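Below you'll find the structure, written out as structure tokens, and then a few comments.
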Amino acid sequence: MLKDITIGQYFPGNSVIHRMDPRMKIVLSIAYIVMLFMAKGFSGLAVGVVFLAICYGVSHIPVSLILKSLKPVVPIILFTAVLNMFFVEGDPLFQWAFITITKQGLSTAALMSVRIVCLIAGTSLLTYTTSPIVLTDGIERLLSPLKKLHLPVHELAMMMTIALRFIPTLIEETDKIMSAQKARGADLESGGLVQRAKALVPILIPLFISAFRRADDLALAMECRCYRGGEGRTRMKQLKLTSRDIVGAIIVALTIVAIILLNIFFPLAIA
Amino acid sequence: MAAITVEHLSHVYSQGTPFEKTAVDDVSLTIEEGEFVGVIGHTGSGKSTLIQHFNGLLKPTSGRILVEDRDMWADPKKIREFRFKVGLVFQYPEYQLFEETVAKDIAFGPSNMGLSPEEVQMRVQQAAQFVGLRADKLEKSPFELSGGQKRRVAIAGVMAMNPKVLILDEPTAGLDPRGRDKVLGEIKQYHKTQGNTVLLVSHSMEDIARYADRVLVMNKGKVAMFDTTENVFARSEELAAMGLAVPQVSRICRGLAARGLNIDPNCYTIEQAKQQLLALRAGKGADQNA
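Note that the protein sequences, when read in sequence, are chains A and B. Our numbering applies: residue 543 is where the first sequence begins, and numbers increase by one. Our numbering applies: residue 1123 is where the second sequence begins, and numbers increase by one.
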């Protein structure tokens, strides 16, 4: 039941995108987000959609996974679409009492929905093709210039890595504690909100205690292996930019150029 | 009357996914009231999955479980009732403690049963006595206690529900030898005075040999053997094939018998072996005197 939750949605594979440098992937994902907002019309956005579809095709991520990642944002998409539909002024298409739907409203709504879908699907591609540990590694390296500003970049990355590492462990632990309390007759399924919140106490307290215990043990184990922060620490896996990263960067750059050109020559939709 | 009857029970984890795994495969068995049953099996043999069915934490994929001749899942809303009838002590149960005081923690189960405060109090006292907790410990925080004491508090928490069947999943894992003997002695004592059915899951063949009347051997999700302790440990080759062993003393007796000593090769407790050896020596002495 609890085990079905997937956090850190890494989908293992061996495609070109999987093997790209995480730093490049992060940068290109940001570039893709910028690209989506640069596209002013349907033609530009269509390029963005096609680009993403090709990326997903190359990475062999099943369509069902994309749909799964989009499920939680459906309400947000609907909400923005409805807001845009009713509140953008322009040529009325449909009028009833105080409700007016305009042509511009409709196209903005469609545009925004596609944009949000691409946004989520695009960033999900990053987490689907990059394991959480590699991802934090990439983030750490990207942020390392901030060390000069005395920002504890390594410590932050280490915290993220540890947090990600312990999610499955804690889920398993929660499952166990829940079973144990249920065996003692704890009723977790019925009752009102207050009652249910109270029923969580016998689960949360042991869970916290075990989390603290694990933290203590882990700190000790790290110290035993001479961990003393990021200073002078070398890595087992050196990140290296390769030709495929450069090719990826060039492709994204060309797509952005294409979108700019489309914006200039085909300023479709939205008046 | 049978305490627990299992009819063609199967359990499949993550059915319909690539991770599908049959943990319990068409198991049928009957556990009689008042028995002390030892449960052994290699890691992953399905014993934990099986015992979690006995108090309704897991629902069978197929098959039925009858507790006191009543189908457990006839009405899923009433499943809690069966959890009070069949108490389950998990592995490392001390990690489930959460209350401010030991007494309150032991009272969690009986309170959930909806008993009166006086009745709950009585149950707490009784359970504390079973596991040898002194009265002054009852008002302490469970987190101040030592590992072994915490374990006993957790076991008392289930005993206090006074279940008809008490199941313990490796109650001695991680305890020192003295703590182990103490906990097992307390469980035996509880079984004796209450006359309840007890199921003990253990990796220690010595413990099983010492306490169990009958032994259930699980292998690859199926019941490999379910017989008296003596009969089970007599089949040492089969047990070895499943990655299990017989008690060390059985191996010694067998070895001695193979070397021509007049000793029962199937004795499985130190007590039995001692008697046999003493009898043998007495016999020898008599021979020499004659």
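Glycine included, C-beta positions come from ideal geometry on N, C-alpha and C. Computed from a predicted model, the values in this text were never measured in an experiment.
Identification of chain A residues near residue 1234/B by a Cβ-Cβ cut-off of 8 Å yields 726, 727, 728, 729, ordered along the chain.
Three or more beta-carbon pairs separated by less than 8 Å are not found between the stretch 601-619 of chain A and the stretch 634-642 of chain A, which leaves the two stretches without contact. For residue 1133/B, the three-state secondary structure derived from DSSP is strand. Listed in chain order, the beta strand (DSSP E) runs fully inside the stretch 1298-1376 of chain B are 1319-1323, 1336-1341, 1344-1350, counting runs of at least 3 residues. DSSP places residue 1385/B outside both helix and strand once states are collapsed to three, so it counts as coil.
In chain order, 1195 place their CB closer than 7 Å to the CB of residue 1181/B, counting only its own chain and leaving out the 5 sequence neighbours on each side. Out of 627/A, 715/A, 663/A, the CA that lies nearest to the CA of residue 652/A is found in 627/A.
In the structure shown, residue 1174/B adopts helical secondary structure according to DSSP, grouped into three states. Membership of residue 808/A in any alpha helix (DSSP H) is not indicated, and neither H nor E is assigned to it by DSSP. In the displayed model, residue 785/A falls within a helix according to three-state DSSP.
Between the stretch 574-585 of chain A and the stretch 693-703 of chain A there are fewer than three C-beta pairs closer than 8 Å, too few to call the two in contact.
Nearest to residue 777/A by alpha-carbon distance, out of 680/A, 591/A, 650/A, 673/A, is 680/A.
Looking at the DSSP output, residue 1287/B bridges to 1208/B, 1319/B.
Rounded to the nearest whole angstrom, the CA to CA distance from residue 662/A to residue 610/A is 11 Å.
Contact note: residue 1347/B does not reach chain A at a C-beta cutoff of 9 Å; the least C-beta distance is about 27 Å. For residue 770/A and residue 779/A, the gap between their C-alpha atoms comes out near 19 Å. Residue 642/A is bridged by DSSP to 637/A. In the three-state reduction of the DSSP assignment, residue 729/A falls in the coil class, being assigned neither a helical nor a strand state. Apart from sequence neighbours up to five positions away, the residues of its chain that approach residue 559/A with a beta-carbon distance below 7 Å are 597, 600, 601, 671, ordered along the chain. Excluding its 5 nearest sequence neighbours in each direction, residue 781/A has C-beta neighbours in its own chain below 8 Å: 563, 564, 565, 679, 680, 683, listed in chain order. Within the same chain, no residue comes within 6 Å of residue 1140/B by CB-CB distance, once the 5 residues on both sides are set aside.
Taking residue 1149/B as reference, the option from 1285/B, 1310/B, 1167/B with the minimal CA-CA separation is 1167/B. Put simply, of 1406/B, 1218/B, 1151/B, 1213/B the residue whose alpha carbon is nearest the alpha carbon of residue 727/A is 1218/B. Three or more Cβ pairs closer than 8 Å define a contact, and the stretch 1174-1192 of chain B falls short of that threshold against the stretch 797-811 of chain A. With respect to chain A, the C-beta atom of residue 1279/B has a partner C-beta closer than 8 Å.
Taking residue 1220/B as reference, the option from 758/A, 722/A, 765/A with the minimal CA-CA separation is 722/A. By the neighbour-count criterion, in which 16 or more other beta carbons inside 10 Å mark a residue as buried, residue 789/A falls on the exposed side. In chain order, 1375, 1376, 1379 place their CB closer than 6 Å to the CB of residue 1387/B, counting only its own chain and leaving out the 5 sequence neighbours on each side. Chain order gives the chain B residues near residue 718/A as 1212, 1217, where near means a beta carbon separation below 8 Å. Boundaries around residue 1145/B are those of the beta strand (DSSP E), 1143-1154, since no alpha helix (DSSP H) includes it.
Burial is judged here by how many other beta carbons sit within 10 angstroms of a residue's own beta carbon; residue 1257/B has fewer than 16 and is exposed. According to DSSP, residue 717/A shares a beta bridge with no other residue. A contact is defined here as three or more CB-CB pairs under 8 Å, and the stretch 1201-1210 of chain B fails this definition with respect to the stretch 707-716 of chain A.
Residue 1333/B places its beta carbon less than 8 Å from that of residue 1322/B. Here residue 1192/B is bridged, per DSSP, to 1189/B. Residues of the stretch 1287-1318 of chain B with a C-beta atom less than 8 Å from some C-beta of chain A do not occur.
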